[in-house]
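Undergrad: The structure's right below; bear with me while I get my questions together.
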Amino acid sequence: EAQVTQNPRYLITVTGKKLTVTCSQNMNHEYMSWYRQDPGLGLRQIYYSMNVEVTDKGDVPEGYKVSRKEKRNFPLILESPSPNQTSLYFCASSLNPSGAQETQYFGPGTRLLVL
Amino acid sequence: DQQVKQNSPSLSVQEGRISILNCDYTNSMFDYFLWYKKYPAEGPTFLISISSIKDKNEDGRFTVFLNKSAKHLSLHIVPSQPGDSAVYFCAATDSGTYKYIFGTGTRLKVLA
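Following this line, the structure appears as structure tokens:
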């Protein structure tokens, strides 16, 4: 089944404790992206990647890192999480870097609480 | 600065009637627009899109209209069904940047 998977689905952590949220897709998509969803703010793009080793900042990249060493994986790294990073996170992928012409497939979401 | 705005946080419609969801944008460089639907505890799923070279796109019960001069797009659902109850996000992109800007969402409730 074609899908985007994220792990973990739920995470409670404390301020400053490094964490990684994994994202994997099995559709051989070149474009991958991370979003956060917050009440009243909708979905905001954090980082995106057009292909292996090619990443760029979205609208809200502060406090996050990403890497794209393999085509299928696009982990989101919070080196020193803070309470304002408490949010619902979505990973998404689409077929080719001309992302506008390709719909994005979203993962099920990761709910993060930073105490 | 919200470049994509959905000014109605919620909308209730009777089953069988038309649902109209609106979206406004400010960036004239946007050239592709999409609508996504989101159910609770799931990721958004793609619904319909439109290129800036068109003013209308239809897919079954769903039609998106684009008014470039007004920087406004709308999603029409006819007839509305209870299963359409969800949060709807509009999104826009400048295809030269690969960045996506989403609106804040409109919660649609279709009453049986």
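Chains A and B, in that order, give the protein sequences. Residue numbering for the first sequence follows the working numbering, starting at 31 and increasing by one per position. Residue numbering for the second sequence follows the working numbering, starting at 88 and increasing by one per position. We treat Cβ as the ideally placed atom computed from N, Cα and C, and that holds for glycine. Since we're looking at a predicted model, the values are computed, not measured.
Counting beta carbon pairs with one atom in the region 99–112 of chain B and one in the region 65–72 of chain A, are three or more of them shorter than 8 Å?
TA: Segments in contact, no.
Undergrad: Which residues in chain B sit within 9 Å of F136(A), going by Cβ to Cβ distance?
TA: Per Cβ cutoff of 9 Å: Y123, K125, E129, G130, P131, T132, F133.
Undergrad: By how many angstroms is the C-alpha of S167(B) removed from the C-alpha of R104(B)?
TA: Whole-angstrom Cα-Cα distance: 6 Å.
Undergrad: Using the DSSP secondary-structure output, state which residues sit across from V51(A) in a beta bridge.
TA: L106(A).
Undergrad: Can you tell me whether DSSP reads D171(B) as helix, strand or coil?
TA: D171(B): helix per DSSP, three-state reduction.
Undergrad: With DSSP collapsed to three states, give me the class of Q115(A).
TA: In the structure shown, Q115(A) sits in a helix (DSSP, three-state: H, G or I).
Undergrad: How is the beta strand (DSSP E) around M116(B) delimited, first residue to last?
TA: M116(B) -> no beta strand (DSSP E), and no H or E assigned at all.
Undergrad: Using 8 Å as the cut-off, can you tell me whether the region 119–128 of chain B makes contact with the region 174–187 of chain B, which would need three or more C-beta pairs spanning the two stretches below that distance?
TA: They touch, by the three-pair rule.
Undergrad: Show which residues of chain A have a CB atom less than 7 Å away from the CB atom of G190(B).
TA: In chain order: G72.
Undergrad: Please confirm if F176(B) has its CB atom under 8 Å from at least one CB of chain A.
TA: Yes, contact with chain A.
Undergrad: Rounding to the nearest angstrom, what Cα-Cα distance links T52(A) and Y126(B) in this structure?
TA: One C-alpha to the other measures close to 22 Å.
Undergrad: Taking the alpha-carbon of V174(B) as reference, which of I140(B), I188(B), L195(B) has the nearest alpha-carbon?
TA: The candidate whose alpha carbon is nearest that of V174(B) is L195(B).
Undergrad: How many angstroms separate the CA atom of L134(B) from the CA atom of G190(B)?
TA: When rounded, the distance between both Cα atoms is 15 Å.
Undergrad: Within the present structure, is the beta-carbon of T140(A) separated from the nearest heavy atom of the ligand NAD by less than 7 Å?
TA: Absence of the ligand NAD from the depicted structure is noted, as is the absence of any ligand whatsoever, leaving it without description.
Undergrad: For E83(A), name the three-state secondary structure that DSSP assigns.
TA: If DSSP states are grouped into helix, strand and coil, E83(A) belongs with coil.
Undergrad: Short of 8 Å in beta carbon distance, which residues of its chain neighbour K48(A), apart from the five on each side in sequence? Order them along the chain.
TA: Closer than 8 Å at the Cβ level, and outside the excluded window around K48(A), lie I107, L108, E109, S110, P111.
Undergrad: Taking 8 Å as the cut-off, decide whether the C-beta atoms of T34(A) and S123(A) are in contact.
TA: The question names Thr, yet the displayed sequence has Val at residue 34(A). For V34(A) and S123(A), yes; Cβs fall inside 8 Å.
Undergrad: Helix, strand or coil: how does DSSP classify E60(A) here?
TA: Looking at E60(A) - three-state DSSP - the assignment turns out to be coil, as it is neither helix nor strand.
Undergrad: Which first and last residues belong to the beta strand (DSSP E) in which I164(B) is found?
TA: Looking at the DSSP string, the run of the beta strand (DSSP E) that includes I164(B) is 159–164.
Undergrad: Give me whichever residues DSSP pairs with Q101(B) in a beta bridge.
TA: DSSP output for Q101(B) lists L198(B) as bridge partner(s).
Undergrad: Mind checking whether S97(B) and T193(B) have CB atoms under 8 Å apart?
TA: Cβ distance < 8 Å, so S97(B) and T193(B) count as in contact.
Undergrad: List the residues of chain B whose Cβ lies closer than 8 Å to the Cβ of Y61(A), in chain order.
TA: Within chain B, the residues near Y61(A) are Y185.
Undergrad: So P113(A) and V90(A) are supposed to be a Cβ contact under 8 Å. How far apart are they, rounded?
TA: The pair is not a contact, with the Cβ atoms about 15 Å apart (cut-off 8 Å).
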